[in-house]
């Protein structure tokens, strides 16, 4: 290399320093320019400052909005795949349930809404994938707030991945009527359990930056005549039962929205009921989000607006042009419009949807399946296990008959707006059948037969459809063990005629059990069922609607890789005659608005009813067996801090998790004698291990509501505290003193 082109190290370093200085200067200029841009943006749009509270940001935006812009966010714009509900902006629904226009000039995004009770609806129809979690009732039987949170996180993430920023999950209606077709969407019959689990689910779902929703507010406890049925109940009773569940859920989740219900409540429709919406939800509970109507549940303009409805869905029949006309005529004050709009804006800022827009991406199916499987493993309830026939012992069960329930191809799911599409469609669909419909019975491709064969490769496992009773009985008789899969399908927009298994399955179980007493029944149901064959079978397992990984979870339970921990979130009655309403009121043939159901049982929902009426259920609320055994001892109650302290011991040979339940009764002389759930704890124990447990006693469920003063009271006196394994098995008692 010649001297003329050679650069020594000193000159090279000087040139590098010069280049570095220029690059640094450019970077500083870029940063300053960007910062100036952000400052300008914050000056022009101060509500985009994420350090401000959602209330402050909403108020700042509201001041810049015109009347037309405020009205735009108070109604929907139709629903995808529904010719009845179509508007010019319906194509923007992203294939979902609804679309609310944003305010582009102010940086407020639209709300893109999807149903998502146990997973994102219509994913298959829209060419996407969604994980189906176990049914909400099933998940509630896990009694696990952490699992409920993980459940909500999966749904929230999958909503965003599909381009949605608002969910319509969060059903917390109590199982007051177990034949209700939507029971599987709800979290059982107890307000503390349902409110706690649903609240944690929605809290974590909304944390994924989707507007959360709690529904259907309130007393929407049956589907028969749901669009007009009048739910008649005292204020005290509703406050201590259904409304209490909502209050607990809302206090935990702090959701952006609450959906009002189709039905009437003491005469007024749920979406124009001033007592439940304005007085209780917004005034007494201090709810800051917006009330969204159920789809086509809006019945008026002025009355609904004054009562507290903030947003009509999915159309603009009452909160579109009619609302503007009412404002112009002075029939709806501008202060009401401001309140409605402020609440919608608050919800968007609260949930983070303004700062973090959804970006379509590939759903994390692997994570969803993992969470779904773990949730289902906690959901499954072992109801009977005669002679410890479970878990399956391959040395004594060398041949197994799998019978019924389409167990060779899949497992059942719940229908209606909650329905999640299985990948590749319905597992039992005949070849060539077209699109699924509103009330199709949908099986996921989660075959228990295949899952058990994978777990027991050296066991001969054969399948019979159960269509021919003699064929099924012959296979059972020639096998060491028989497992009958029985199902009960339910859906929105219907109620069950009875709690019996459909399609002559009771007869199938009877015949199989007669042929082979070593018969196990696996139930795939959305609510309680009656079991006239219970004494003839060896074991019963409630798997609910098991979700996208239900077959794997069930197989793990049956072979003992997972010890069952689930406990019922709903009472199983012996028959419908034991229900508060043995027969659902028949629909009238003429005047629909005369149709009513009187909830004279008041706050005595579920196990409280059976105790008060001295009726023994088939399986009690909170009941569930394990492959190990537990004992309870040494209960003490600290009245000053309201806690119960006791010891739980695993007296068996397997590790397990016991759900320890704490109940209480009001002081003697109170007019409500039933016990009520006041707390619980999941306790993991190794064989022979003991653990001292402390459970906080929730004071909200000890109080009674006084209608005359419109306030809650905590009675003075001695409350009986009861601890045990289920609502009808509480061997430990102590006293809580309130002075």
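In the working numbering, the protein residues as written are 3 to 741.
The beta-carbon is built from N, C-alpha and C at its ideal position, and this holds for glycine as well.
Annotated three-state conformation of residue 667 is strand, per DSSP.
Excluding residues up to 5 positions away in sequence, 326, 329, 336, 339 lie with their Cβ nearer than 8 Å to the Cβ of residue 69 in the same chain. Residue 655 sits in coil when the DSSP states are folded into three classes, being neither helix nor strand. Under the DSSP definition of a beta bridge, residue 403 partners with 464, 484. Comparing alpha carbon positions, the residue from 407, 571, 577 closest to residue 536 is 577. For the pair residue 141 and residue 194, the CB atoms are not nearer than the 9 Å cut-off. Judged by DSSP secondary structure, residue 176 falls outside any alpha helix (DSSP H); it is assigned neither H nor E. Each residue's CA atom was taken as its position, placing residue 365 and residue 132 some 7 Å apart. With respect to residue 663, residue 725 sits close: the two C-beta atoms are nearer than 9 Å. Nearest in C-alpha terms to residue 272, of all of 219, 317, 281, is 219. Look at residue 682 here: in three-state DSSP terms it is strand. Annotation: residue 669 to residue 636 spans about 22 Å, alpha carbon to alpha carbon. Excluding five sequence positions before and after residue 708, the CB atoms of its chain that fall closer than 6 Å to its own CB belong to 715, given in chain order. DSSP places residue 153 in the uninterrupted alpha helix (DSSP H) bounded by 147-163. Residue range 692-698 is occupied by the beta strand (DSSP E) that includes residue 692, with no alpha helix (DSSP H) assigned at that position. Annotation for residue 348: 56, 57, 60, 290, 291 place their beta carbon closer than 7 Å to its own, counting only its chain and skipping 5 residues before and after. Straight through space, the alpha carbons of residue 121 and residue 421 are spaced by roughly 8 Å. Annotated as distal: residue 650 and residue 599, with beta-carbon spacing of 9 Å or more. Assigned with DSSP and collapsed to three states, residue 49 falls in helix. Non-local C-beta neighbours of residue 354 in its own chain, meaning closer than 6 Å and more than five positions away in sequence, comprise 211, ordered along the chain. In this structure, the beta-carbon distance from residue 626 to residue 183 does not fall below 9 Å. In the DSSP annotation of this structure, the continuous segment of the alpha helix (DSSP H) that includes residue 254 starts and ends at 244-255. For residue 738, the uninterrupted beta strand (DSSP E) segment begins and ends at 734-740. Excluding sequence positions up to five before and after residue 515, its CB lies within less than 7 Å of the CB of 521, 535, 538, 539, all in the same chain and listed in chain order. Residue 440 sits away from residue 297, with the two beta carbons spaced by 9 Å or more.
Given a length threshold of 3 residues, each whole run of the beta strand (DSSP E) inside the region 275-338 is given here in chain order: 292-295. Rounded to the nearest angstrom, the gap between the Cα atoms of residue 676 and residue 567 is 26 Å. Take residue 146, set aside five residues on each side of it, and the residues of its chain with a beta-carbon closer than 7 Å to its own are 380, 684, in chain order.
Judged by DSSP in its simplified three-state form, residue 444 adopts coil rather than helix or strand. Residue 206 sits close to residue 152, with the two beta carbons spaced by under 9 Å.
Within 10 angstroms of the beta-carbon of residue 215 lie 16 or more other beta-carbons, which makes it buried. Taking 9 Å as the cut-off, the beta carbon of residue 582 is found no closer than this to the beta carbon of residue 243.
In this structure, the CA atom of residue 196 is about 11 Å from the CA atom of residue 144. With 16 or more neighbouring CB atoms inside 10 Å of its own CB, residue 76 falls in the buried class. The region 109-116 and the region 165-174 touch, with three or more beta-carbon pairs separated by less than 8 Å. DSSP places residue 544 in the uninterrupted beta strand (DSSP E) bounded by 541-544.
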